[in-house]
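>
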Amino acid sequence: MFVQFTRILKFAFQSFFRNFWLSVANVTILSLTLIVINFLIVFNLLTMNAIDIVKDKVDVSLYFKQNIAIADIEQVKQKISQSPDIKSVEYISSEQALAIFQDRHKGDVDISKTIEDLKKEDGQIFNSSLKIKAKDIAMYDKILSELKSNQYSNLFDIDENQFRDYTKITERLNNISAKVELVGYIVSLIFIIITLTMVYNSIKIAIYTHRDEIYIMKLVGANTSFIKGPFFIEILMSNIIALLVVMGIVYGLSAIIQPFIDKLFEGYSVNIIAHFNENFVLIFFGQFLVSSIFSVSSSYIAMKKYLK
Amino acid sequence: MIKLTNVSKFYSPNVWALNKVSLQIQAGEFVSVVGQSGTGKTTLAKILFAEERPTEGEIIVGGWNITNIKENDIPFLRRQIGFIFQDFKLLQRKNIYENISFAMETCGMDAKKIDLIVPQILKIVGLQSKKDAYPYQLSGGEQQRAAIARALVHQPKFLIADEPTGNLDSINTREIIDLLIRINKLNTTVMLVTHNRDVVNGLNKRVITFEGGRVISDQHNGRYIL
Ligand SMILES: Nc1ncnc2c1ncn2[C@@H]1O[C@H](COP(=O)(O)OP(=O)(O)OP(=O)(O)O)[C@@H](O)[C@H]1O
Ligand SMILES: [Mg+2]
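Note that the protein sequences, when read in sequence, are chains A and B.
Letter by letter, the first sequence follows residues 51 to 358 in my numbering.
Letter by letter, the second sequence follows residues 2 to 227 in my numbering.
1) By Cβ distance, which residues of its chain are closer than 7 Å to residue 188 of chain B, with the 5 residues on each side in sequence left out?
2) Decide if the region 118 to 129 of chain B is in contact with the region 147 to 161 of chain B; the criterion is three or more beta carbon pairs, one per stretch, under 8 Å apart.
3) What separation, rounded to the nearest whole angstrom, lies between the Cα atoms of residue 66 of chain B and residue 269 of chain A?
4) Suppose only complete runs of 4+ residues qualify. What are the alpha helix (DSSP H) ranges in the region 160 to 196 of chain B, listed by chain order?
5) Using only the alpha-carbon positions, how far apart do residue 36 of chain B and residue 210 of chain B sit?
6) Which residues in the same chain have their Cβ closer than 7 Å to the Cβ of residue 105 of chain A, if we skip the five residues on either side of it in sequence?
7) Quick one: which residues of the region 107 to 124 of chain B get their C-beta closer than 8 Å to a C-beta of chain A? List them in chain order.
8) Which residues in chain B sit within 9 Å of residue 265 of chain A, going by Cβ to Cβ distance?
9) Does any residue of chain B have a CB that is nearer than 7 Å to the CB of residue 262 of chain A?
10) Does residue 160 of chain B pass the burial test, meaning 16 or more other C-beta atoms within 10 Å, or should it be called exposed?
11) List, from N- to C-terminal side, the beta strand (DSSP E) runs of 3 residues or more that fit wholly inside the region 93 to 153 of chain A.
12) Using the three-state DSSP reduction, which class does residue 215 of chain B fall into: helix, strand or coil?
13) Please confirm whether any heavy atom of ligand 1 lies closer than 6 Å to the CB of residue 41 of chain B.
14) Closest to residue 201 of chain A by C-alpha separation, out of A/125, A/55, A/306, would be which residue?
15) Quick check on DSSP: helix, strand or coil for residue 202 of chain A?
16) Taking the alpha carbon of residue 61 of chain B as the reference point, which residue from B/5, B/164, B/38 has its own alpha carbon closest?
17) Smallest Cα separation from residue 317 of chain A: which of A/73, A/107, A/67?
18) Nearest chain B C-beta to residue 68 of chain A closer than 7 Å, yes or no?
19) Taking the continuous alpha helix (DSSP H) assigned at residue 246 of chain A, which residues delimit it?
20) Beta-carbon of residue 282 of chain A versus every beta-carbon of chain B: anything under 7 Å?
21) Taking 6 Å as the cut-off, does the CB of residue 18 of chain B come closer than this to any heavy atom belonging to ligand 1?
22) Using a Cβ-Cβ cutoff of less than 6 Å, which residues in the same chain neighbour residue 31 of chain B once the five nearest sequence positions on both sides are dropped?
23) If contact means a Cβ-Cβ distance below 9 Å, which residues of the region 137 to 159 of chain B contact chain A?
24) Across which residues does DSSP place residue 220 of chain B in a beta bridge pair?
25) For a contact defined as C-beta to C-beta under 9 Å, what are the partners of residue 84 of chain B on chain A?
26) Under three-state DSSP, which class holds residue 100 of chain B?
27) Can you give me the C-alpha to C-alpha distance between residue 205 of chain A and residue 213 of chain A, rounded to a whole angstrom?
28) Between residue 21 of chain B and residue 56 of chain B, what straight-line distance do the alpha-carbon atoms span, to the nearest angstrom?
29) Looking at residue 97 of chain B and residue 47 of chain B, is the spacing between their C-beta atoms short of 7 Å?
30) If you measure between the beta carbons of residue 319 of chain A and residue 253 of chain A, is that distance less than 7 Å?
31) Starting from the Cα of residue 118 of chain B, find the closest Cα among B/90, B/89, B/156 and give me that residue.
32) Could you tell me which chain A residues have their CB closer than 8 Å to the CB of residue 51 of chain B, listed as they occur along the chain?
33) For residue 79 of chain B, which residues in chain A fall below 8 Å Cβ to Cβ?
34) How far does the beta strand (DSSP E) with residue 342 of chain A in it reach, from first residue to last?
35) Of all the CB atoms in chain B, is at least one closer than 7 Å to the CB of residue 54 of chain A?
36) Run the CB neighbour count on residue 222 of chain B, radius 10 Å, all protein chains shown included, and call it buried at 16 or more, exposed below.
Right, here's the structure in full:
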């Protein structure tokens with residue numbers, strides 16, 4: 051049994067190197083296909099993160115009218131927090147709001163001066179507010195309508211601009227990512243078809259170059275595994291090499307683009323390499339499995355046709 | 002050992018390569034098959050070898066009814082039958098030893114057995130000294146002997162030779178026929194398809210004559226009658 055296997059392996063190696071350039075072409079096209087698929091994975095990871103980040107930024111603020119007692123605000127906060135749709139309600143006093151504003155415009159002399167002037171005239175520049183975050187972005191509409199019919203609704207104004215803006219952004223992101231994914235799927239499909247044709251033809255050629263050996267093998271009553279086995283092994287070898295090449299490229303490119311990703315997603319940690327590491331088996335073993343199944347079936351069909 | 006009953010083969014409705022052929026070959030026989038070109042001799046050989054299927058009739062080889070042999074069983078049939086051709090069909094990239102060992106390797110024989118058997122077979126065909134030579138470095142007769150060596154790797158009960166001397170001069174022809182006789186004496190049934198009158202007459206063994214896909218004569222101690 052073992053002897054058989056090592057021989058099949060030997061024949062496969064011989065065949066792989068006998069049609070060396072064909073093998074190279076096979077590996078290349080398999081690699082390209084896998085690269086397209088991995089590009090889709092990275093793209094998907096990035097858009098998902100981008101959408102999450104935008105979603106995370108969405109909130110609705112309630113600006114309380116001037117001189118409303120803290121106790122009342124507390125009560126409103128209490129009431130709102132009870133809703134199961136709400137993730138968090140954060141109270142921002144007028145002082146905090148001012149501090150945030152000042153911090154944001156640090157170094158801007160005009161603004162600082164204006165603020166100082168305003169402070170002298172009137173104690174409260176900013177209204178105190180409640181910042182409400184929903185558990186899910188889809189719940190904001192419901193929350194907003196509840197807030198509007200709230201018994202305390204006369205105490206505050208609702209600022210839903212930010213929510214509307216971000217909703218637009220997530221919609222747009224979703225749109226773009228859906229389109230890119232669609233294109234990605236089409237490109238992958240094209241590549242998969244090219245790969246299958248390529249593998250099919252390479253087996254056809256390999257059978258042709260080995261026609262004398264195959265004839266002799268059949269003549270002397272060789273085991274079918276000896277005739278077909280090497281072709282399957284050869285294709286699996288191409289798949290393994292393609293996988294290694296692609297892993298190299300994926301990790302190499304990821305390392306190169308990671309700094310740009312970090313800049314793009316400042317403050318959030320989006321790490322491509324970590325993503326590949328965490329899902330290593332699923333991503334790479336899965337790709338190997340699928341590409342092997344595809345190319346082995348394609349070889350099988352070619353053999354069925356040409357190994358008569 | 003071999004029994005054909007009403008075997009016909011048509012490649013297309015108007016090409017009858019074999020037409021209701023019935024014949025028996027006993028174990029240990031040496032049979033010459035003669036006939037004009039296109040009379041179905043090769044077709045007969047191919048059917049015995051399961052390379053072609055009969056259109057009708059029944060074929061039994063060594064007690065095994067191979068009329069409707071399954072694809073998966075063909076290798077087992079072929080390990081019982083050696084086959085040699087006019088054009089030798091040696092692998093040009095392999096030397097003589099490798100040509101023989103390759104046939105054994107692909108049938109899953111273990112290396113020790115191969116190392117043991119190949120020299121023995123080379124001795125039978127008298128090619129010990131040429132084992133490292135490549136086919137193109139050998140004479141036609143030597144190449145045919147190498148092909149016979151390859152056909153013997155399974156120690157077949159039955160050897161089919163389809164015009165094995167067709168490409169050889171008379172001296173080499175003599176050598177190959179002598180070798181076939183020797184193999185026959187080692188208890189292998191031999192079926193020799195040939196056009197060579199001198200060979201057939203020199204053998205003084207059974208001769209089956211074909212014409213238009215039919216057996217028109219089957220004689221022990223026969224002569225070449227065409
Ligand atoms: N694969 C094929 N397809 C169609 N017709 C075929 C095929 N093989 C052989 N024939 C036809 O069958 C007939 C018998 O052919 P076969 O090869 O058996 O003749 P043969 O007796 O071996 O002739 P030769 O002495 O020239 O080798 C011929 O008419 C041939 O043209
Ligand atoms: Mg013929």
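The beta-carbon is built from N, C-alpha and C at its ideal position, and this holds for glycine as well.
Inspection of the coordinates gives the following:
1) For the purposes of this step, residue 188 of chain B is identified with residue 187 of the second sequence, where counting begins at 1. Correct list, in chain order: 29.
2) yes
3) By 1-based counting over the second sequence, the position of residue 66 of chain B is 65. By 1-based counting over the first sequence, the position of residue 269 of chain A is 219. Using only the alpha carbons, I get a separation of about 19 Å.
4) 171 to 186
5) On the second sequence, position 35 is the one that residue 36 of chain B refers to. On the second sequence, position 209 is the one that residue 210 of chain B refers to. Going from the Cα of residue 36 of chain B to the Cα of residue 210 of chain B covers about 5 Å.
6) Indexing the first sequence from 1 puts residue 105 of chain A at position 55. The answer, listed in chain order, is 187, 220.
7) 107, 108, 109, 111, 112
8) Stepping through the first sequence from its first residue, residue 265 of chain A is reached at position 215. Neighbours of residue 265 of chain A on chain B, chain order: 90.
9) Your numbering for residue 262 of chain A matches position 212 in the first sequence. Chain B, which has a Cβ nearer than 7 Å to the Cβ of residue 262 of chain A, makes this yes.
10) Locating residue 160 of chain B in the second sequence gives position 159, where the first residue counts as 1. Buried, because 16 or more other Cβ atoms sit within 10 Å of the Cβ of residue 160 of chain B.
11) 110 to 114, 136 to 142
12) If you number the second sequence from 1, residue 215 of chain B lands on position 214. Reduced to three states, the DSSP call for residue 215 of chain B is strand.
13) Indexing the second sequence from 1 puts residue 41 of chain B at position 40. Yes, Cβ of residue 41 of chain B sits closer than 6 Å to a heavy atom of ligand 1.
14) By one-based count along the first sequence, residue 201 of chain A stands at place 151. Ranking A/125, A/55, A/306 by Cα distance to residue 201 of chain A puts A/125 first.
15) What you label residue 202 of chain A is simply residue 152 of the first sequence in a count that begins at 1. Note: residue 202 of chain A maps to coil in three-state DSSP.
16) Your numbering for residue 61 of chain B matches position 60 in the second sequence. Ranking the options by Cα distance to residue 61 of chain B, first place goes to B/5.
17) Within the first sequence, residue 317 of chain A is the residue found at index 267, counting from 1. When only C-alpha atoms are compared, the closest one is A/107.
18) Here the question's residue 68 of chain A lines up with position 18 in the first sequence. Cβ-Cβ to chain B under 7 Å: no for residue 68 of chain A.
19) For this step, residue 246 of chain A is matched to residue 196 along the first sequence. That run of the alpha helix (DSSP H) goes 211 to 259.
20) Start at 1 with the first residue of the first sequence, and residue 282 of chain A comes out as number 232. No, its Cβ sits nowhere closer than 7 Å to a Cβ of chain B.
21) Taking the first residue of the second sequence as 1, we reach residue 18 of chain B at position 17. The answer is yes for residue 18 of chain B.
22) Residue 31 of chain B sits at position 30 when you count from the first residue of the second sequence. Contacts found: 185, 191, 206.
23) 151, 152, 154, 155
24) Mapped onto the second sequence, residue 220 of chain B falls at position 219. Note: residue 220 of chain B sits in a beta bridge opposite B/208.
25) In the second sequence, residue 84 of chain B corresponds to position 83, counting from 1. By Cβ distance, chain A contributes 269, 270.
26) The residue you call residue 100 of chain B lines up with position 99 of the second sequence. Of the three classes helix, strand and coil, the one that applies to residue 100 of chain B here is helix, per DSSP.
27) Reading the first sequence from its first residue, position 155 is the one you call residue 205 of chain A. Reading the first sequence from its first residue, position 163 is the one you call residue 213 of chain A. Cα to Cα, the separation comes out at about 20 Å.
28) Counting from one through the second sequence, the residue named residue 21 of chain B turns up at place 20. Counting from one through the second sequence, the residue named residue 56 of chain B turns up at place 55. Roughly 10 Å separates the two Cα atoms.
29) Counted from its first residue, the second sequence places residue 47 of chain B at position 46. Counted from its first residue, the second sequence places residue 97 of chain B at position 96. No; because the gap between Cβ atoms is not below 7 Å, this pair is not in contact.
30) Working through the first sequence from its first residue, we reach residue 319 of chain A at position 269. Working through the first sequence from its first residue, we reach residue 253 of chain A at position 203. Not closer than 7 Å, so no.
31) Residue mapping note: residue 118 of chain B aligns to position 117 of the second sequence, counting from 1. Nearest option by C-alpha distance: B/156.
32) What you label residue 51 of chain B is simply residue 50 of the second sequence in a count that begins at 1. Result: empty, since nearest Cβ-Cβ is about 10 Å, beyond 8 Å.
33) Within the second sequence, numbered from 1, the residue matching residue 79 of chain B stands at position 78. The answer, in chain order, is 268, 269, 270, 271.
34) Along the first sequence, one-based indexing puts residue 342 of chain A at 292. Looking at the DSSP string, residue 342 of chain A is not in any beta strand (DSSP E); the run it does join, the alpha helix (DSSP H), is 336 to 356.
35) Along the first sequence, one-based indexing puts residue 54 of chain A at 4. Closer than 7 Å to some Cβ of chain B, the Cβ of residue 54 of chain A qualifies, so yes.
36) Reading the second sequence from its first residue, position 221 is the one you call residue 222 of chain B. When all chains shown are included, residue 222 of chain B counts as exposed.
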